[in-house]
Each structure stands twice: as C-alpha cells, then as structure tokens.
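What follows is a single structure, written as structure tokens, with notes after it.
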Amino acid sequence: MKTNCLNLIKISLFILLTGLSQVAYSQSNEDCLTCHSDNELSYERKGKELPLFVNEDTYTHSVHADIQCIDCHTDFNAEELPHKTGNEIYKVDCSTCHDTEAFKSSIHAKKNIECFTCHSKHEIQSAESLDKDLTKLCVNCHKSETVDKYIASKHYTEFNKGKNAPSCYTCHDAAHNIKSADFSKKEIDNLCSTCHGKSHTEFAKSIHFLAKEEGTPTCIDCHGAHHVNKNKYTIASQGCLSCHLDKKRFENIGKENLVAFVENYKTSTHANIINKGGEAATCIDCHDNHMIQDVTVEGNKVSRESLPNTCGKCHNNIVEDFTKSIHGKSLAEGMEFAPTCTDCHGEHNIESVDISSVGKIATKEKCMDCHVKNEAIVKAIGSELNDIIYYEKSAHYLALLNGNKNAPTCSDCHGAHLMSDPSDPNSKINKVNEAETCGQKGCHPNIAAEYKQTIHGQALAGGNLNSPSCTDCHGKHQIIRTDDPESKVAQGQNVAKLCSDCHSDVELVEEFNLPTGKTGSYFESFHGLAVRGGSKYAADCASCHGTHNIRPSSDPLSTVNKNNLSETCGTCHPGANIEENFGSVHLNISKEETPIQYYIEYFYIGMIILVIGGMLVHNILDVVRKTIDRFKYPEHYQHHNKSGKVYLRMSKNERIQHFIMLTSFIALVISGFGLKYPDAFWVEAIRYVLGDGAFELRGLSHRIFGIMMILVSLYHLYYILFTQRGRQMVKDFLPAWRDINDIKVNLKWITGLSKEKPRFERFSYMEKAEYWALIWGVIVMGATGLMLMFNDFFLANFPYLWLDIATLIHLYEAWLATLAIIVWHFYYVIFNPDVYPLNTALITGTLTEEQMEHEHADELERIKKQDKA
Numbered sequence: 046m047k048t049n050c051l052n053l054i055k056i057s058l059f060i061l062l063t064g065l066s067q068v069a070y071s072q073s074n075e076d077c078l079t080c081h082s083d084n085e086l087s088y089e090r091k092g093k094e095l096p097l098f099v100n101e102d103t104y105t106h107s108v109h110a111d112i113q114c115i116d117c118h119t120d121f122n123a124e125e126l127p128h129k130t131g132n133e134i135y136k137v138d139c140s141t142c143h144d145t146e147a148f149k150s151s152i153h154a155k156k157n158i159e160c161f162t163c164h165s166k167h168e169i170q171s172a173e174s175l176d177k178d179l180t181k182l183c184v185n186c187h188k189s190e191t192v193d194k195y196i197a198s199k200h201y202t203e204f205n206k207g208k209n210a211p212s213c214y215t216c217h218d219a220a221h222n223i224k225s226a227d228f229s230k231k232e233i234d235n236l237c238s239t240c241h242g243k244s245h246t247e248f249a250k251s252i253h254f255l256a257k258e259e260g261t262p263t264c265i266d267c268h269g270a271h272h273v274n275k276n277k278y279t280i281a282s283q284g285c286l287s288c289h290l291d292k293k294r295f296e297n298i299g300k301e302n303l304v305a306f307v308e309n310y311k312t313s314t315h316a317n318i319i320n321k322g323g324e325a326a327t328c329i330d331c332h333d334n335h336m337i338q339d340v341t342v343e344g345n346k347v348s349r350e351s352l353p354n355t356c357g358k359c360h361n362n363i364v365e366d367f368t369k370s371i372h373g374k375s376l377a378e379g380m381e382f383a384p385t386c387t388d389c390h391g392e393h394n395i396e397s398v399d400i401s402s403v404g405k406i407a408t409k410e411k412c413m414d415c416h417v418k419n420e421a422i423v424k425a426i427g428s429e430l431n432d433i434i435y436y437e438k439s440a441h442y443l444a445l446l447n448g449n450k451n452a453p454t455c456s457d458c459h460g461a462h463l464m465s466d467p468s469d470p471n472s473k474i475n476k477v478n479e480a481e482t483c484g485q486k487g488c489h490p491n492i493a494a495e496y497k498q499t500i501h502g503q504a505l506a507g508g509n510l511n512s513p514s515c516t517d518c519h520g521k522h523q524i525i526r527t528d529d530p531e532s533k534v535a536q537g538q539n540v541a542k543l544c545s546d547c548h549s550d551v552e553l554v555e556e557f558n559l560p561t562g563k564t565g566s567y568f569e570s571f572h573g574l575a576v577r578g579g580s581k582y583a584a585d586c587a588s589c590h591g592t593h594n595i596r597p598s599s600d601p602l603s604t605v606n607k608n609n610l611s612e613t614c615g616t617c618h619p620g621a622n623i624e625e626n627f628g629s630v631h632l633n634i635s636k637e638e639t640p641i642q643y644y645i646e647y648f649y650i651g652m653i654i655l656v657i658g659g660m661l662v663h664n665i666l667d668v669v670r671k672t673i674d675r676f677k678y679p680e681h682y683q684h685h686n687k688s689g690k691v692y693l694r695m696s697k698n699e700r701i702q703h704f705i706m707l708t709s710f711i712a713l714v715i716s717g718f719g720l721k722y723p724d725a726f727w728v729e730a731i732r733y734v735l736g737d738g739a740f741e742l743r744g745l746s747h748r749i750f751g752i753m754m755i756l757v758s759l760y761h762l763y764y765i766l767f768t769q770r771g772r773q774m775v776k777d778f779l780p781a782w783r784d785i786n787d788i789k790v791n792l793k794w795i796t797g798l799s800k801e802k803p804r805f806e807r808f809s810y811m812e813k814a815e816y817w818a819l820i821w822g823v824i825v826m827g828a829t830g831l832m833l834m835f836n837d838f839f840l841a842n843f844p845y846l847w848l849d850i851a852t853l854i855h856l857y858e859a860w861l862a863t864l865a866i867i868v869w870h871f872y873y874v875i876f877n878p879d880v881y882p883l884n885t886a887l888i889t890g891t892l893t894e895e896q897m898e899h900e901h902a903d904e905l906e907r908i909k910k911q912d913k914a
C-alpha cells in the first residue's frame with residue numbers, strides 16, 4: 046500500500062497539539078481534506094487500487110456541500126490509521142437521511158446496486174440536473190445493443206431536444222421505483238397509452254388487441270422497446286413480417302395459409318422500392334397502423350368498397366380516374382362483381398406495371414377472367430363474347446406473342462383505370478376518340494394524323510357519326526393483318542365490300558347526297574369483276590382512293606384528283622398517261638356522259654337480237670320440218686349407218702385447225718365469262734375446285750388460249766393463201782348468187798311452203814355465214830383482246846377512252862360469237878336431225894354418199910360428173 050508519511054505526521058501532531066480527548070473527538074471536512082485532497086492518495090482492496098482523492102471544489106458545489114464527511118462515514122475513528130481495516134467504513138447508509146423504502150423493492154436493490162452508482166459519491170447533483178442526463182447514467186451500466194438503440198430512437202431524439210419525450214424512467218418507472226423489464230401485455234398497453242392515448246384508443250379496436258390467442262402483438266412488438274423509430278417503412282417491413290411469416294404462430298390457430306399469402310409482399314413492387322431505400326406502401330398504409338381490423342368489419346380500409354380510397358392515398362390521380370370509370374361507378378353502386386384495385390393488381394403480390402409483351406399478355410388474361418370466363422359478368426353486362434375472344438387471333442395479340450411490347454393489350458385501348466363506356470364522350474373508345482387512341486405513341490401516330498385530315502376524319506370531327514372511324518373498317522377486337530384473307534380490309538373483295546356497304550346504302554346516299562351508282566359501276570368494271578372473281582392483285586377501292594388518306598376528288602391532294610390519276614394508275618400500270626379531259630373511272634354508260642359507248646352498246650344489243658333471234662327462228666323451223674320428215678320418210682335417213690362410199694370433207698390439216706379453234710374458243714368462253722360473271726354458280730364451282738389461285742389461273746389461261754386462237758387464225762390465213770386446197774376452200778366460201786336462191790328454196794321448205802328440198806354445194810349459205818362471222822370475230826376479239834392484254838402500253842400512249850371502247854366491244858362481241866356458235870354452229874353439227882348426235886366429219890373428215898346426197902347434193906353431183914369425165 047502506498048502511504049503518505051508526511052500526512053500521517055501532520056495528523057499526529059495535530060491531534061497532540063489540540064489536546065482533544067479520544068472519546069470526545071470531532072472531525073471537520075477540512076481535517077479530512079488535509080489528506081484526501083491529495084490526488085495521489087489511494088488504497089488497495091481486494092487486489093484493486095482504489096483512489097481516496099476527494100475533489101474539494103466539486104464536493105463544495107454538490108447538494109451535500111453542507112454535510113460533514115463523518116455524517117455519511119459514521120464509523121470514522123481518528124486513532125486508527127488508516128481508519129479501519131474492515132469494510133464498514135466504506136458502507137454509506139443513505140437511508141439515515143433519505144427514504145429508501147421504495148428503492149428497497151426495486152430491481153436495482155435486488156441486484157445490490159448502490160446509491161452512488163447513479164448519484165456518484167462526492168459529486169452528488171440535484172434530482173433536476175440528473176433528469177437532464179439520466180440516459181447517460183443508465184447506459185453506464187446497461188451496455189447492450191438493445192439499449193444502445195434507444196440513443197438512435199425517436200424518443201431519445203425528442204428528449205435530447207428538451208421536449209416532453211420518454212426517458213428511461215418514463216417507461217421503467219421513477220428513479221428509485223425501477224421495476225423489472227418483464228412487462229405484461231396489459232402493462233405495456235397501459236404504459237404506452239399514457240403518452241399515446243389516441244393511438245391506444247384505436248389499437249383497442251384492432252384485431253391485434255381483441256385477439257384472444259397468445260402471442261398477439263403489443264406496442265413494443267411493432268415499435269420496439271428501445272429502438273422506437275419514426276420510419277414507418279422499416280417498422281412495417283420488419284415488424285409485421287416478423288410475426289406474419291412465423292408459420293408456427295399461425296399453425297397453432299389453423300391459419301397457416303396466411304403465411305404464404307403475406308409472404309408475397311416480400312417480392313412485391315412496394316417491398317422492392319423500400320428495400321432500395323425508397324418510400325412505398327407498407328402494411329400499415331393499407332391496413333392502418335393501430336386500428337387494424339378484420340376484412341369482414343364494415344368500413345375496413347382493405348374491404349372491397351374501401352380499397353380505392355386506401356390505394357388513393359398514394360395513387361390519388363389514378364383513383365380519381367378509377368372512380369370516374371365504368372368499373373368505379375359499378376363498384377360505388379354496389380355491383381357484386383365490379384372490380385376493385387386488388388382484383389387486377391393483386392393483394393400482397395402487387396408487381397410494378399409491366400409494359401413488356403409478357404406483362405401485356407398477363408393484362409389480357411386478367412381482363413378475360415371477367416369478361417370471358419365469368420358467366421355471371423358476361424350475362425350481366427352483355428359482353429360480345431365472340432368478339433372479345435377473337436382478340437386472341439388478332440394481329441395485336443400475335444404481335445405480343447412475338448415479343449412486340451408496343452402491340453396493344455386491353456388497357457392500351459380501353460384505358461387502364463379510366464375505362465368508360467363507348468357512349469361516354471371522354472371514353473378512349475368513343476368513336477370520335479378512336480383515331481387518337483389508335484394513334485398514341487408506339488402505335489399508329491402517322492396514320493392517325495393522316496386520317497384526321499381526310500374526308501372521313503373531318504366528317505367525324507364535325508359530328509357526323511356515320512362517318513367511319515378505325516374500328517368500322519378494321520374491327521374492334523378482331524383486328525387482323527391486312528394481308529390475312531379474313532381481314533375486313535384485306536385487298537380485294539373484302540375492301541370492296543367494306544366500302545360498298547356504306548357507299549351503296551340508300552339511306553346514307555340520300556342523307557349525305559353521295560354520288561349514286563359508283564359502287565355498282567366499279568363492280569362491273571374490269572377491276573371490280575376481277576375483285577369479285579377473287580383476284581388479290583386487281584385494284585380495289587383503297588388502291589385508287591387510298592387507305593387512310595381518302596379525300597374528295599376535288600381535293601388537289603386526292604389520289605383520284607384528275608391531275609394525280611397518271612401517278613395513281615401508274616402504280617399498277619407503269620407509264621400510264623391519263624389525259625386531263627379524262628371522264629369517269631366509275632363508268633355508267635349513258636347517252637349524255639358516254640355517247641360513244643352508249644351507241645356501241647345499243648348497236649350490239651340490236652345485232653344480238655336480230656342476228657341470234659333470226660338464227661333461232663330459222664333453226665326452230667328447220668328442226669320442226671326435219672323432225673316431221675324423219676317420221677314420215679324414215680328411209681331417207683338411212684345414211685346414218687355410214688355405209689357405202691365416203692367423200693373427203695375435211696383434211697387432217699383442216700381437222701387439226703378446227704380442233705385447235707374449237708378448244709381455244711370454248712376455253713376463251715369459259716375463262717372470259719368467268720371474269721364477267723364471277724358470281725355464276727359454275728364460276729363459283731370452278732373457284733371452289735381450284736382454290737385461291739383460280740382467278741390468276743383464269744387470266745393466264747384466257748391469254749394463252751387467246752394467243753392460241755390468234756396463232757391458229759394466222760396459220761389459217763397462210764393455209765388459204767399458200768396451199769391449193771386452202772385457196773380452193775376460201776374460194777368456195779365466198780358468197781355467190783346461188784346462195785340467194787338457196788336461201789329462198791330452203792326458207793320455203795322449212796316453212797312448209799314447198800316440198801322442194803334445197804340442194805347445196807360444198808358450203809351452204811349457213812356455213813358461209815358462220816365462216817365469215819368467225820373471221821370477223823377473230824379479228825375484232827383479237828384486236829380488242831390485245832389492247833386489254835397490253836393495257837399498260839395503251840394507257841401510256843392512247844386516250845383511256847380507247848380501252849373503255851375495247852372492253853365494251855370485247856364483251857358484246859364475245860356474247861354475239863358465243864350465242865352464234867351455240868344457236869347456229871352447234872345446231873348444225875350436233876342437234877340437226879340430219880346429223881344427230883354428231884357430225885362425225887370433224888373427227889373422220891369424211892361423209893358417206895348418203896350424207897352427201899342429203900346435205901350437199903349439188904356437190905355430190907358435181908363430183909360424180911368430174912369422176913366420169
């Protein structure tokens with residue numbers, strides 16, 4: 046032990062000089078400080094060196110400044126140096142002055158904590174000054190991670206600012222009444238309620254407070270005991286989940302399924318934002334903080350009817366839209382299955398809005414869950430079920446499947462939250478707003494802008510709701526690619542029908558003073574006939590008028606303005622040169638508008654009536670007379686046995702020419718009238734058999750057989766000019782004076798005015814008329830056919846009128862030729878009783894002598910005379 050000899054000497058001398066008795070000795074503070082003011086004075090006890098220094102200045106300013114040392118150190122004896130060897134001198138009994146009964150029952154007393162641990166020994170301060178720094182005193186002993194968190198808590202932060210906030214003894218009781226930290230649920234509730242009365246009132250109504258199961262949370266379970274924090278995001282993320290993800294806790298009450306349900310929150314967009322340091326909805330934002338109620342309680346914040354208001358605390362603009370929407374209005378009206386926020390976005394598993402193609406597909410599935418799969422909803426709202434289902438075949442949905450995130454899903458067109466009935470003027474799918482919706486960024490902005498400038502767009506903007514908008518042409522949910530044959534705007538028949546449905550509607554035409562007869566004239570034009578026949582390449586309405594940029598022909602920007610026709614027609618007919626005085630594309634033949642075509646048409650109609658009518662009368666009379674004779678004189682018709690000598694009628698060369706002409710003619714009739722009458726049953730049957738390529742095959746075959754007929758005709762010209770038999774044949778075909786007499790004799794005979802039968806030479810007047818008609822027909826049909834085949838050349842170098850005339854003549858000449866062959870030629874080689882069922886000369890090239898006698902008596906007589914000579 047270190048001692049101070051000098052101090053001991055001083056004390057001894059002091060005692061001797063004063064002469065005080067040992068029994069009645071009195072010691073003052075100055076006496077004590079004589080030694081204890083030495084800051085090096087110390088004492089060793091139990092292996093520890095303890096300081097005996099007393100700071101006089103500090104002591105004189107403490108609350109005990111007026112108290113003598115021996116008032117506390119009562120067992121002091123001046124004769125003993127050091128004062129005592131035992132421990133009693135170090136035991137100071139504060140209870141001699143202070144009431145310590147409360148302290149004796151505190152946790153500190155039970156743990157043998159001395160007064161000086163908190164109040165210190167000689168530097169004792171007033172209770173008021175201790176309150177200001179109480180936390181530091183407590184922390185001196187209570188050094189743990191839990192207590193350290195109090196320093197960072199909201200309570201300490203506010204307390205340290207001098208505000209009325211909890212310090213240690215606020216919760217653990219007053220300084221000397223400190224109790225154990227093992228509080229009961231009731232004690233905790235009561236304790237917190239002393240400061241947080243309003244919150245406790247709410248908490249008392251919550252499912253947590255009212256629950257009878259053990260382990261339900263108290264204040265400190267959520268807010269923490271010492272680390273009370275004002276960051277609600279941390280509280281909700283950690284506090285709530287620490288309980289609600291505890292499977293054992295919920296297994297005990299048979300609600301373990303709630304754990305997985307709540308666990309979804311951990312991967313939600315809300316949790317992800319919080320984990321990254323952001324602010325987003327926590328449990329308490331939706332369920333409330335203290336008054337958390339069961340979802341079945343009326344007015345609960347997460348009940349279906351309350352959810353819009355709950356979510357609206359964060360998403361106020363979105364909820365404003367929702368409340369105006371048809372969904373929001375239905376929910377407010379109490380419709381049983383009206384959707385609320387969680388029906389679409391989920392409950393705890395809310396994810397961020399995914400604008401990828403995968404996310405958009407999920408949106409479509411979510412909408413279809415109600416509008417397709419829920420029978421009650423479909424029945425209640427009258428959903429156009431098939432129309433909605435067709436979306437899965439649409440171009441939009443297929444694009445999503447292929448990863449195109451710009452392709453629209455339900456919410457892109459109908460709106461995400463502000464879904465309104467189409468009749469609502471503000472609805473995105475209101476007819477007036479469709480172009481704006483379809484033209485939104487990433488979709489069809491250029492097309493929408495173009496449409497708004499057109500006659501249709503301007504008419505609609507002006508209030509004419511009969512004017513077509515996007516869905517009128519493309520459909521609603523069933524929008525498919527324009528190159529899909531099922532598309533309403535697929536090139537060809539579909540577009541033509543689509544446009545004609547409006548432009549041929551009598552009521553619309555009358556109401557808006559639209560031009561009449563345009564659709565009918567188009568369908569009778571080559572383009573229209575080709576389209577009706579199934580052509581995928583012939584010009585339809587959109588080919589000339591445009592798709593979205595449709596303007597009146599008077600508009601200089603219109604594709605059918607007269608100044609732009611050459612360019613428009615030139616897209617299909619390169620080099621087309623449409624003159625300025627060009628008439629009308631939609632040609633309606635009339636004396637006033639098209640006088641040339643008008644007279645040509647009437648000329649041919651007259652010719653068909655006179656020529657074919659005359660042939661028909663002639664042949665009816667002929668068949669009647671021959672039928673009568675056949676029954677009256679059967680012996681005259683024995684030549685059908687083809688017995689006896691035969692005579693050459695057609696050489697092999699001539700038969701081949703005839704076969705080629707016959708074949709090409711029939712093929713031309715079928716392929717030609719197949720264009721003009723595409724709706725005829727036999728044409729539809731051919732298209733059904735040949736499929737989609739029927740029209741192109743028709744056009745190709747028509748050209749091939751047309752060229753074949755021209756070639757065989759050119760060969761025939763060579764034949765009759767440069768072969769002896771050919772020259773003789775054409776000479777025999779030339780009209781002769783005897784033909785007039787043959788006509789007279791034959792007419793008298795077939796009418797029964799004479800019994801004299803006509804005696805024909807090599808060719809009768811019927812055959813001569815047919816031959817020269819064929820020559821004429823080949824020339825006319827060949828010339829007009831070539832003009833139509835090479836229409837690009839003629840459009841570029843000749844007035845368009847020429848093609849109109851060529852088309853008209855080609856048609857009526859075809860009718861004239863076809864009817865002539867059927868009525869005249871087929872009769873004389875097939876149905877004529879003299880040759881029925883077929884004049885075999887076209888196959889064998891010969892006639893029997895009996896046949897010659899009956900049909901060409903004068904030729905037979907001439908041949909016999911030549912043979913005799």
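Just so we're aligned, residue 46 is where the sequence shown starts under the working numbering, counting upward by one.
For each residue, glycine too, the CB sits at the ideal point set by N, CA and C.
This structure is a prediction, so every number in the text was calculated from the model and none was measured.
Once DSSP output is grouped into helix, strand and coil, what is the label at residue i?
i	result
Arg694	coil
Pro490	helix
Lys664	Lys is not the amino acid found at residue 664; the sequence shown has Asn there. Helix.
Gln538	helix
Gly379	coil
Arg770	helix
Asp546	helix
Asn342	The amino acid occupying residue 342 in the given sequence is Val; Asn does not appear at that position. Reduced to three states, the DSSP call for Val342 is coil.
Excluding the 5 residues flanking residue i on each side, which residues of the same chain have their C-beta closer than 7 Å to its C-beta?
i	result
Leu290	Val304, Val307 and Glu308
Lys909	none
Ile371	Met464, Ser465 and Asp466
Thr516	Glu479
Which residues share a DSSP beta bridge with residue i?
i	result
Glu94	Glu89
Leu892	Tyr692
Going by other Cβ atoms of all chains shown within 10 Å of its Cβ, with 16 needed for buried, is residue i buried or exposed?
i	result
Glu806	buried
Leu713	buried
Arg90	exposed
Ala110	exposed
Trp727	exposed
Cys160	buried
His217	buried
Leaving aside the five residues before and after residue i along the sequence, list all residues of the same chain whose C-beta is less than 8 Å from its C-beta, in chain order.
i	result
Asp903	Arg804, Phe805 and Glu806
Val417	Val423, Ser428, Leu430, Ile433 and Ile434
Ser351	Gly344 and Asn345
Less than 6 Å between C-beta atoms, sequence neighbours within five positions excluded: which residues of the same chain meet that for residue i?
i	result
Ala920	Only positions 46 to 914 of the chain appear in this structure, which leaves residue 920 out of reach.
Leu61	In this prediction, Leu61 scores a pLDDT of 45, lower than 50, which makes its location untrustworthy; no coordinate-derived value is stated.
Leu840	His618 and Ala621
Phe148	Ala154 and His221
Cβ pair count under 8 Å reaching 3, the stretch 751–764 against the stretch 818–831: yes
At least three beta-carbon pairs within less than 8 Å, the stretch 460–467 to the stretch 483–497: no
Contact the stretch 870–889 vs the stretch 662–669: 3+ CB pairs below 8 Å: yes
Cβ contact check for the stretch 262–272 and the stretch 355–371: 3 or more pairs under 8 Å: no
Inter-stretch contact at 8 Å, needing at least 3 Cβ pairs: the stretch 879–888 / the stretch 783–797: no
Inter-stretch contact (C-beta, 8 Å, three-pair minimum) for the stretch 860–873 and the stretch 815–822: yes
At least 3 beta-carbon pairs within less than 8 Å: the stretch 524–536 vs the stretch 565–572: no
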